[in-house]
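Working notes, beginning with the structure itself.
2 protein chains.
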Amino acid sequence: MASVKLGIIGLGNVGSGTLKILAENGAQIADKLGFPLEVAAVCARGFEGKTITVATRQSTDWRNVVNDPNVHVVAELVGGTTVAREIVETALESGKSVVTANKELMALCGPELWEKAIQKGVNLAMEASVAGGIPIHTVLREGISGDRIVALYGILNGTSNYILTAIENSGAAFDDVLAEAQRLGYAETDPTADVDGFDARSKLAILSALAFGQKIEAKNIFTMGIRRITPIDFEYAHTLKHTIRLVCGARLTPEGLILSVRPALIPQSTILASVKGAYNAVWVRGKYGQDTFYYGRGAGPEPTGVAVVSDLMRVAREIRSGSPERVSPFAHEQLAAFRPVSVEVQRRAYYLRFRVKDQPGIIASLAKILADKHISLDAVLQLPGDNKESLPFVITVEPSTEKAIQDAVEAMNRLDFMVEPALALPMETSL
Amino acid sequence: MASVKLGIIGLGNVGSGTLKILAENGAQIADKLGFPLEVAAVCARGFEGKTITVATRQSTDWRNVVNDPNVHVVAELVGGTTVAREIVETALESGKSVVTANKELMALCGPELWEKAIQKGVNLAMEASVAGGIPIHTVLREGISGDRIVALYGILNGTSNYILTAIENSGAAFDDVLAEAQRLGYAETDPTADVDGFDARSKLAILSALAFGQKIEAKNIFTMGIRRITPIDFEYAHTLKHTIRLVCGARLTPEGLILSVRPALIPQSTILASVKGAYNAVWVRGKYGQDTFYYGRGAGPEPTGVAVVSDLMRVAREIRSGSPERVSPFAHEQLAAFRPVSVEVQRRAYYLRFRVKDQPGIIASLAKILADKHISLDAVLQLPGDNKESLPFVITVEPSTEKAIQDAVEAMNRLDFMVEPALALPMETSL
Chain A
12 MASVKLGIIG
22 LGNVGSGTLK
32 ILAENGAQIA
42 DKLGFPLEVA
52 AVCARGFEGK
62 TITVATRQST
72 DWRNVVNDPN
82 VHVVAELVGG
92 TTVAREIVET
102 ALESGKSVVT
112 ANKELMALCG
122 PELWEKAIQK
132 GVNLAMEASV
142 AGGIPIHTVL
152 REGISGDRIV
162 ALYGILNGTS
172 NYILTAIENS
182 GAAFDDVLAE
192 AQRLGYAETD
202 PTADVDGFDA
212 RSKLAILSAL
222 AFGQKIEAKN
232 IFTMGIRRIT
242 PIDFEYAHTL
252 KHTIRLVCGA
262 RLTPEGLILS
272 VRPALIPQST
282 ILASVKGAYN
292 AVWVRGKYGQ
302 DTFYYGRGAG
312 PEPTGVAVVS
322 DLMRVAREIR
332 SGSPERVSPF
342 AHEQLAAFRP
352 VSVEVQRRAY
362 YLRFRVKDQP
372 GIIASLAKIL
382 ADKHISLDAV
392 LQLPGDNKES
402 LPFVITVEPS
412 TEKAIQDAVE
422 AMNRLDFMVE
432 PALALPMETS
442 L
Chain B
12 MASVKLGIIG
22 LGNVGSGTLK
32 ILAENGAQIA
42 DKLGFPLEVA
52 AVCARGFEGK
62 TITVATRQST
72 DWRNVVNDPN
82 VHVVAELVGG
92 TTVAREIVET
102 ALESGKSVVT
112 ANKELMALCG
122 PELWEKAIQK
132 GVNLAMEASV
142 AGGIPIHTVL
152 REGISGDRIV
162 ALYGILNGTS
172 NYILTAIENS
182 GAAFDDVLAE
192 AQRLGYAETD
202 PTADVDGFDA
212 RSKLAILSAL
222 AFGQKIEAKN
232 IFTMGIRRIT
242 PIDFEYAHTL
252 KHTIRLVCGA
262 RLTPEGLILS
272 VRPALIPQST
282 ILASVKGAYN
292 AVWVRGKYGQ
302 DTFYYGRGAG
312 PEPTGVAVVS
322 DLMRVAREIR
332 SGSPERVSPF
342 AHEQLAAFRP
352 VSVEVQRRAY
362 YLRFRVKDQP
372 GIIASLAKIL
382 ADKHISLDAV
392 LQLPGDNKES
402 LPFVITVEPS
412 TEKAIQDAVE
422 AMNRLDFMVE
432 PALALPMETS
442 L
């Protein structure tokens with residue numbers, strides 16, 4: 012049977028994983044599809060040191076792949092938002108379906124690109140753009156498309172999760188764990204995108220567009236990274252039968268959709284707490300299907316390659332059947348406008364961790380501020396320790412609005428015994 | 012936009028859940044699809060006490076639905092393998108796509124029905140037939156279709172899992188927990204299908220056909236239920252840092268595909284151990300994507316309804332686009348023949364639990380039998396207890412073939428101090 016011909020642009024981690032799977036698993040793929048996939052052309056910056064086991068045209072200019080009349084589908088595995096955007100736009104414009112692994116690009120202009128795809132009668136697929144090894148796009152787009160999602164929580168950045176669980180297990184400080192993660196290749200030389208939450212934010216923007224049908228702008232998502240989490244925070248969290256994870260949250264509230272990326276306390280008993288190391292997970296609450304949970308590798312050439320290849324198979328099937336039956340990468344034919352709702356209106360129990368110069372009257376001063384803001388104190392915890400110059404302790408408070416907590420923390424930070432600003436983390440007790 | 016018209020046959024739990032979701036969530040469904048779904052006809056044994064909020068033709072004869080020229084897609088939600096089979100065959104024969112929630116039917120003759128669907132150019136969808144709330148079919152069929160699955164483990168029977176976790180938590184005996192589960196509606200009056208593993212077996216047959224592309228016959232799957240699991244087994248399992256679950260396992264080995272449904276010890280640290288109560292889960296190991304894990308409600312009108320509605324949406328999209336682009340419900344266009352491989356060849360560590368009349372020389376006798384069969388003893392455990400007439404204790408052994416274990420147990424059961432046959436459970440330490 013005639014094959015569907017692929018053009019692969021970018022032979023970094025994901026591109027190499029994709030080529031490897033297409034080569035090694037080609038027979039099973041053809042069995043599943045009823046026809047083979049063929050790599051007709053590949054593009055890379057250079058081919059030195061690259062093993063390409065399939066006979067194919069090689070080029071260092073992406074235009075040669077996109078404009079190749081033999082290529083039916085283009086896989087954009089370059090990353091970034093400049094050249095990648097040009098590749099995707101050019102491919103769609105010339106009537107070719109596109110598979111992409113590019114979270115930044117899809118978070119930035121996915122809905123626009125999809126409009127172009129509709130207009131040209133082709134498809135755009137992006138399973139690999141979020142949580143590489145977890146087929147969460149397929150799940151939201153088709154598997155539970157009949158449900159009405161009310162909340163989605165994700166652990167979407169493997170580097171942060173690796174660092175947090177390493178702090179949790181070893182008791183080492185953030186900087187030391189980060190250095191070790193960099194040495195092992197789990198963290199980039201510039202770790203900002205990972206540890207400050209921006210990578211996770213792009214992924215949350217894409218998943219919540221899919222889940223809630225809105226044109227989410229990543230820049231409107233409340234984002235806080237993990238730099239301030241210390242071993243002592245895990246000690247207190249464990250005392251409270253919780254752990255700490257960088258939680259990407261999207262909740263449909265009466266006020267609207269509230270989105271945030273932030274470290275939060277989650278109960279040790281929840282299945283999300285079992286996500287350790289570089290794994291990713293997504294927890295979805297549907298109005299009808301209730302809770303479902305998806306877990307797997309967040310990255311890596313082969314797990315992400317599976318996502319790319321599975322998308323290529325889907326798109327190839329459409330091409331073979333000559334069918335315009337395409338499901339939007341965002342599950343909805345059209346996305347509604349995004350009306351961002353501030354996290355400030357959201358009510359949560361909070362964990363407040365302080366470092367103070369020990370002196371009489373500290374609890375009284377803090378309790379007064381909480382009382383002034385109408386925040387009910389739940390518990391005061393102090394683990395054994397003797398550093399009187401920088402004494403850590405924790406106050407937990409009953410559900411209060413984020414605004415009230417922010418105001419209280421601001422007032423507390425002005426007190427003269429505070430060694431560093433208070434750390435306020437929400438407690439996601441409903442997970 | 013013109014709607015796609017549905018015929019719903021069967022208004023039990025799943026049928027009612029399906030109708031409820033179609034009615035309440037109709038606007039969002041239309042937003043996602045770009046056109047509405049319309050319930051054109053429903054069939055039930057009777058309509059007394061049924062709330063049908065959509066205007067639709069009602070009938071007590073399924074033929075009126077299947078033969079209704081307005082109906083484009085038929086949902087078979089009747090269950091069983093006689094009338095249901097007739098409904099599905101008649102609908103496919105008359106050129107209508109079918110969505111079914113029927114695990115028994117699909118385990119029995121799914122591949123045949125799919126051949127008929129191909130022949131007629133229509134589709135057959137069965138997401139709801141296994142693990143209602145978990146979109147595991149979509150995942151295997153499309154989400155990770157590019158991967159090569161090497162193992163699949165499932166907790167696929169909610170009733171058994173509810174009973175096992177209740178024994179684990181309360182320390183009550185199987186019969187008492189079963190009676191309570193029956194009272195609460197978690198178990199049927201005749202619990203055989205659930206507690207003896209037959210329900211799970213049908214589900215495993217379907218999922219492994221999907222995952223491995225073979226025409227699995229349920230009757231060839233090694234099946235053992237949970238009736239012999241006692242509170243003391245959980246005590247010993249916990250001592251070994253394990254728990255006990257009814258594990259549906261499918262493993263691709265050099266000998267071939269080995270399938271089993273049986274209670275097994277699984278490490279407490281594995282994510283599968285966190286599956287409690289009536290929840291279901293599926294754990295998949297792919298050659299490329301490595302481990303992924305899927306978790307959700309196994310049953311219930313609305314979670315299963317989500318699966319039916321999501322399938323209806325997919326099939327409706329195909330109908331609207333006039334497209335013959337259908338993905339096989341079994342992921343593969345054609346299933347290969349099933350060459351069952353006996354569990355006997357499989358090597359596992361084992362947990363052997365005995366009840367004996369206490370007397371000198373017991374361990375020596377048992378150890379001799381193990382030595383004769385070349386099985387290495389790993390540990391002997393005896394928790395405090397004083398029932399000398401029926402003293403429980405446990406031996407764990409190093410990885411040995413199932414055949415060797417069965418032979419050893421058979422020899423042990425002939426010893427005069429044995430109060431009841433030894434219970435042998437595999438230890439799934441690789442999970």
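Going down the list, the sequences are from chains A and B. Residue numbering for the first sequence follows this note's numbering, starting at 12 and increasing by one per position. Residue numbering for the second sequence follows this note's numbering, starting at 12 and increasing by one per position. All C-beta atoms, glycine included, are put in the ideal place defined by N, C-alpha and C.
Per the coordinates, the alpha-carbon of A:ALA261 lies some 18 angstroms from the alpha-carbon of A:LEU119. For A:ILE373, the closest of A:ILE178, A:PHE245 and A:PHE428 by C-alpha to C-alpha distance is A:PHE428.
Interface criterion met: the Cβ of B:LYS43 is under 8 angstroms from a Cβ in chain A. Judged by their CB atoms, B:PHE304 and B:ILE277 are not nearer to each other than the 8 angstroms cut-off.
Bounds of the alpha helix (DSSP H) holding B:SER376 are 373-383. Residue state for B:PHE349 is assigned as coil, using DSSP reduced to three classes.
Sixteen is the threshold: when 16 or more other Cβ atoms of the shown chains lie within 10 Å of the Cβ of B:GLU115, as they do, the residue is buried. Counted as a single uninterrupted DSSP element, the alpha helix (DSSP H) harbouring B:LYS127 occupies residues 114-131. Assignment of B:MET423 by DSSP, reduced to helix, strand and coil, places it in the helix class. Residues are counted here when their Cβ sits less than 9 angstroms from a Cβ of chain A; for the segment 296-307 of chain B these are GLY297, LYS298, TYR299, GLY300, GLN301, ASP302, THR303, PHE304, TYR305, TYR306 and GLY307, given in chain order.
Inclusion of B:GLY18 and B:VAL77 in the CB contact set at 8 angstroms is warranted, their separation being smaller than that value. When C-alpha distances from A:CYS54 are compared across A:GLY224, A:GLN69, A:GLU431 and A:GLY60, the shortest belongs to A:GLN69.
Proximity of B:ILE416 to chain A, defined by a Cβ-Cβ separation below 8 angstroms, is not satisfied. Look at A:THR149: its C-beta is under 8 angstroms from a C-beta on chain B.
For A:PRO314, the enclosing alpha helix (DSSP H) starts and ends at 312-331.
Taken through DSSP and simplified to helix, strand or coil, B:THR303 comes out as strand. Burial of A:HIS343 is indicated by the presence of at least 16 other C-beta atoms within 10 angstroms of its C-beta. In the structure shown, B:ALA435 falls within a strand segment according to DSSP collapsed to helix, strand and coil.
Within the segment 338-372 of chain A, the residues whose Cβ lies closer than 9 angstroms to some Cβ of chain B are VAL338, SER339, ALA342, HIS343, GLU344, GLN345 and ALA347, listed in chain order.
C-alpha of B:LEU257 to C-alpha of B:SER27: approximately 29 angstroms in a straight line. For the C-beta of B:ASP158, the chain A residues within less than 7 angstroms are, from N- to C-terminus, VAL317.
The criterion of a C-beta distance shorter than 8 angstroms is not satisfied by A:ASP201 and A:GLY236. With respect to the 8 angstroms criterion, B:SER411 and B:ILE386 are classified as neighbours on the basis of their beta carbons. Relative to the Cα of B:LEU22, the nearest Cα in the group B:ASN81, B:ALA112, B:LEU103 and B:GLU100 belongs to B:ALA112.
Excluding residues up to 5 positions away in sequence, GLY18, ALA51, ALA52 and ARG68 lie with their Cβ nearer than 8 angstroms to the Cβ of A:ASP79 in the same chain.
Boundaries of the beta strand (DSSP E) around A:VAL272: 267-278.
At a cut-off of 8 angstroms between beta carbons, A:ASN134 makes no contact with chain B. Cβ contact annotation for A:LEU377 (same chain, cutoff 7 angstroms, sequence separation greater than five): ILE406 and MET423, in chain order. Taking 8 angstroms as the cut-off, the beta carbon of B:ILE98 is found no closer than this to the beta carbon of B:GLY307. Taking a C-beta cut-off of 9 angstroms against chain A, the contacting residues of the segment 208-228 of chain B are GLY224, listed in chain order.
In the three-state reduction of the DSSP assignment, B:LYS368 falls in the coil class, being assigned neither a helical nor a strand state. Inter-residue distance for A:ASP418 and A:ALA433 is about 12 angstroms (C-alpha atoms, whole angstroms). Around the beta carbon of A:ALA360, 16 or more other beta carbons lie within 10 angstroms, which makes this residue buried. Distance from A:LEU442 to A:TRP294 at the Cβ level is roughly 7 angstroms; contact confirmed, criterion being Cβ atoms closer than 8 angstroms.
Annotation: the segment 27-74 of chain B contains the following complete segments of the beta strand (DSSP E) (minimum length 3 residues), in chain order: 48-54 and 68-70.
Put simply, the CB of B:ARG262 is far from chain A, with every gap to its CB atoms at 8 angstroms or more.
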